[in-house]
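Working notes, structure below.
There are 2 protein chains.
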Amino acid sequence: MTTPDWIALDWGTTHLRGWAMSGSGAVLEERGSAKGMGTLSPDQFEPALREMCGDWLDHGPVPMIACGMVGARQGWVEATYSAVPCAPLASQLTQVPGGLDVSIIPGLSQAEPADVMRGEETQIAGFLALNPNWSGVLCLPGSHSKWAHVSAGEVVSFRSFMTGELFAALSAHTVLRHSVQGTDWKEEAFAAAVNETLSRPERLASSLFSIRAADLLHGHGSGVARARLSGLLIGAELAAAKPYWLGQQIGVIGAGDLAELYVRALAAQAAPATQADATAVTLAGLTAAWKQGITS
Amino acid sequence: MTTPDWIALDWGTTHLRGWAMSGSGAVLEERGSAKGMGTLSPDQFEPALREMCGDWLDHGPVPMIACGMVGARQGWVEATYSAVPCAPLASQLTQVPGGLDVSIIPGLSQAEPADVMRGEETQIAGFLALNPNWSGVLCLPGSHSKWAHVSAGEVVSFRSFMTGELFAALSAHTVLRHSVQGTDWKEEAFAAAVNETLSRPERLASSLFSIRAADLLHGHGSGVARARLSGLLIGAELAAAKPYWLGQQIGVIGAGDLAELYVRALAAQAAPATQADATAVTLAGLTAAWKQGITS
Chain A
1 MTTPDWIALD WGTTHLRGWA MSGSGAVLEE RGSAKGMGTL SPDQFEPALR EMCGDWLDHG
61 PVPMIACGMV GARQGWVEAT YSAVPCAPLA SQLTQVPGGL DVSIIPGLSQ AEPADVMRGE
121 ETQIAGFLAL NPNWSGVLCL PGSHSKWAHV SAGEVVSFRS FMTGELFAAL SAHTVLRHSV
181 QGTDWKEEAF AAAVNETLSR PERLASSLFS IRAADLLHGH GSGVARARLS GLLIGAELAA
241 AKPYWLGQQI GVIGAGDLAE LYVRALAAQA APATQADATA VTLAGLTAAW KQGITS
Chain B
1001 MTTPDWIALD WGTTHLRGWA MSGSGAVLEE RGSAKGMGTL SPDQFEPALR EMCGDWLDHG
1061 PVPMIACGMV GARQGWVEAT YSAVPCAPLA SQLTQVPGGL DVSIIPGLSQ AEPADVMRGE
1121 ETQIAGFLAL NPNWSGVLCL PGSHSKWAHV SAGEVVSFRS FMTGELFAAL SAHTVLRHSV
1181 QGTDWKEEAF AAAVNETLSR PERLASSLFS IRAADLLHGH GSGVARARLS GLLIGAELAA
1241 AKPYWLGQQI GVIGAGDLAE LYVRALAAQA APATQADATA VTLAGLTAAW KQGITS
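Protein sequence lines, in the order shown, are assigned to chains A and B.
With the numbering used here, letter number 185 in the first sequence gets 185, and the count goes up by one each step, no holes.
In the numbering used here, each residue's number is its place in the second sequence (first place is 1) plus 1000.
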């Protein structure tokens, strides 16, 4: 039976993950649930949490620290953004009223150009906890990829890109769905496509349709089409983010294939990047927030 | 009771339109059906056609000329593309086997950069029938907008852009759906967004997310968000199509609001464009194909 000192929660739009933690920061047990914030109304968060890990509370209340979209306006309780430049971890977390002891880490906002993040600030805090005094640029690939300029322990500025969501919407809801199905992947097509939009970003809108036309006319197959779609979009993101990464120390935060694509694409531009595991930095960030709470 | 000399058919992915025509090119009657090519298997085309206008055939067989996706590989009968440079109207139409006298106008293809069109070639032919000896650049806005360089009665080259389908997919299937709902429209936001991606096309991927962030932070409302999304995408298309339209005579083919957006966006770049009605040029193109058939 697990009796944690505190509970770490990563509560995104599509998933909920919880870790029973010891006071020394060790993971006692991990659980997951499909009850992401996107599927819940405000009164359904507490039941979802109790369902996933109610037994962790059998010996009395346990403090919980949560990050992610759980703190959005459409989430459980809105955790008002901290405005950059600022430390990734707000000094004050948002307390959830009710029967559980839950604190939510606020996201970050930027007035101009308008931008927001929720969840990534915790990963950035975790990355900095694991790499003290690091400065440079962090790339967090995903549905809404983030690039954050980090210096002296603060997020100076950041930009979001809809790359992941564009890939999903184009693959499922446009004429490209006929060409990109399956899991085949041709790495040369990816590398060429990254180069193409990096050097000529204005061509993106026509290059996208060309994926379909090339499939119809030349029958390159779905491995080429998928890799090309991914490469065109990541190349466009790298083109727009170039003022961020050019000549900087770069860290890419993410798990598995997607983060590796970014690392490879950057390496091809003579921009070496170190890769950090997303789960590890999320846990490190939640742990930093918990420590800050008990020492403040 | 309508007894046409021939029947004109515009058979796209989502719709079928038919016109009962006299030998002199006058429209006797017009009908429409939701049985677009996208909803039909090959054996369902003839029944769909008979259902819409079977009574026009009561006095015996009538030749029919069709354009659009009906001639695609997934359509009724594949009408093999004509490769540019070539006249928009192929000298040989594709005959449909079976009990009806149906000819399909082939689309156009371009090997490099790979590109295809089906239906727009008929509109281009119709535009040229109505404007003999015209040369310049034709823009055909839509799900897959086309830009075609036309000279000496031929399509020299063309490019497609997924602008319309991108707008639809982004509006319905990404986080932007929360911000762009409704029909409000702020023209200043459209004009500013066109300028933004026209001058800095590499920013598209981040500007898209910024629509959502600005709505969250500044609450500009859906009229700004919709107009901005449209403007960013059309600006990106105009940036990529600039080698086509810069310094050229420009015609925009299309009905209603969408074509007018393009005309306004081009006018703001000191590139005046004339607008031609899509239905009128489609009918003129089908009529040109019919005349070519009876005189050849």
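For every residue, glycine included, the Cβ atom is placed at its ideal position computed from N, Cα and C.
Just so you know, these numbers come straight off a predicted model, no measurement behind them.
Check, Outcome
"Using the beta-carbon of each residue, which ones in chain B are nearer than 9 Å to residue 304 of chain A?", "Because chain A spans 1 through 296 in this model, residue 304 of chain A falls outside it and cannot be assessed."
"Could you spell out where the alpha helix (DSSP H) holding residue 1104 of chain B opens and where it closes?", "Where residue 1104 of chain B is concerned, there is no enclosing alpha helix (DSSP H), although the beta strand (DSSP E) it sits in stretches over 1102–1104."
"From A/265, A/38, A/286, A/252, pick the residue whose C-alpha is nearest to that of residue 274 of chain A; which is it?", "A/252"
"Locate the alpha helix (DSSP H) running through residue 196 of chain A, then write down its first and last residues.", "187–199"
"Distance check for residue 1191 of chain B and residue 300 of chain A, CA to CA, integer angstroms please.", "Examination of residue 300 of chain A is not possible in this model, given that chain A is present from 1 through 296 alone."
"Could you check if residue 294 of chain A is buried or exposed, using at least 16 other CB atoms within 10 Å of its CB as the buried criterion?", "exposed"
"For residue 82 of chain A, which three-state DSSP category applies?", "strand"
"Pick from B/1071, B/1097, B/1027, B/1021: whose alpha carbon is nearest that of residue 1036 of chain B?", "B/1071"
"For a test of the three-state rule: what should DSSP assign to residue 136 of chain A, helix, strand or coil?", "strand"
"Please report the straight-line C-alpha distance between residue 1114 of chain B and residue 1034 of chain B, rounded to a whole angstrom.", "30 Å"
"Of all the options B/1087, B/1101, B/1086, B/1079, which has the alpha carbon lying nearest to the alpha carbon of residue 1093 of chain B?", "B/1079"
"Quick check: the Cα distance between residue 162 of chain A and residue 141 of chain A, rounded to an integer number of angstroms?", "10 Å"
"Would you list, in chain order, the members of the region 165–192 of chain A that have their beta-carbon closer than 9 Å to a beta-carbon of chain B?", "165, 166, 168, 169, 170, 172, 173, 174, 175, 176, 178"
"Going by Cα to Cα distance, which pick from A/203, A/271, A/261 is closest to residue 245 of chain A?", "A/271"
"Give me the Cβ distance between residue 1003 of chain B and residue 169 of chain A, rounded to the nearest whole Å; I'm assuming they're in contact under 8 Å.", "Contact doesn't hold; Cβ gap of about 48 Å is too wide."
"Counting Cβ pairs, one atom from each stretch, are 3 or more of them under 8 Å apart for the region 124–142 of chain A and the region 187–203 of chain A?", "no"
"Apart from the five residues just before and just after residue 286 of chain A, which ones in its own chain have a Cβ nearer than 7 Å to its Cβ?", "8, 65, 67, 122"
"Could you spell out the range, first to last residue, of the beta strand (DSSP E) harbouring residue 146 of chain A?", "145–151"
"Could you check the C-alpha separation between residue 1134 of chain B and residue 1150 of chain B for me, to the nearest Å?", "8 Å"
"Contact criterion: CB-CB distance below 9 Å. Does residue 144 of chain A meet it with respect to chain B?", "yes"
"Going by Cα to Cα distance, which pick from A/227, A/27, A/42, A/6 is closest to residue 297 of chain A?", "Past the edges of chain A, shown from 1 to 296, lies residue 297 of chain A, and the structure says nothing about it."
"For a quick check, are the C-beta atoms of residue 1202 of chain B and residue 146 of chain A less than 9 Å apart?", "no"
"Give me the Cβ distance between residue 181 of chain A and residue 222 of chain A, rounded to the nearest whole Å; I'm assuming they're in contact under 8 Å.", "6 Å"
"Strictly below 9 Å CB to CB, what residues from chain B border residue 152 of chain A?", "Chain B residues near residue 152 of chain A: none, gap ~25 Å exceeds 9 Å."
"Starting from the C-beta of residue 1290 of chain B, find all residues in its chain whose C-beta is less than 8 Å away, skip the five residues before and the five after it, and write them out in chain order.", "1006, 1008, 1021, 1063, 1065"
"Are the Cβ atoms of residue 1255 of chain B and residue 1240 of chain B separated by less than 9 Å?", "no"
"Assign residue 237 of chain A to buried or exposed, taking buried as 16 or more other Cβ atoms, counted over all protein chains shown, within 10 Å of its Cβ.", "buried"
"For the alpha helix (DSSP H) that residue 1279 of chain B lies in, which residues bound it at each end?", "1278–1295"
"Where in the region 42–79 of chain A do unbroken runs of the alpha helix (DSSP H), each at least 4 residues long, occur, reported from the N-terminal end onward?", "45–53"
"Using the DSSP secondary-structure output, state which residues sit across from residue 1006 of chain B in a beta bridge.", "B/1021"
"Select from the region 1205–1230 of chain B all residues with a C-beta closer than 7 Å to any C-beta belonging to chain A, and list them in chain order.", "1205, 1206, 1208, 1209, 1210, 1213, 1214, 1216, 1217, 1218"
"Check residue 31 of chain A in the structure and name its three-state DSSP category.", "strand"
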